[in-house]
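Residue numbers (my numbering): 5 to 77. All C-beta atoms, glycine included, are put in the ideal place defined by N, C-alpha and C. Data block below; observations after.
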């Protein structure tokens, strides 16, 4: 049965493969599902870091205040 998901090949160290197998077994999901969920979490963390950096740059002394109404109009 074809899938709509993109497949990728990755190489894992022995320790990483063991950890992935343990986590997948613990959560009772296939290793591929656990790997995909871990990648989603990692990407969300990366995105959060980008937004945090942007917010820190904007949150400076003398920064221009924009009201909520003006920001969304």
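Distance, residue j Cα to residue i Cα
i: residue 78; j: residue 40; result: Residue 78 lies beyond the stretch modelled for the chain, which goes from 5 to 77, so this question has no answer here.
i: residue 12; j: residue 67; result: 44 Å
i: residue 64; j: residue 49; result: 23 Å
i: residue 26; j: residue 32; result: 10 Å
Member of the options whose CA lies at the smallest distance from the CA of residue i
i: residue 28; options: 10, 18, 42 and 15; result: 42
i: residue 35; options: 16, 71, 75 and 69; result: 16
Residue j beta carbon less than 8 Å from that of residue i
i: residue 38; j: residue 24; result: yes
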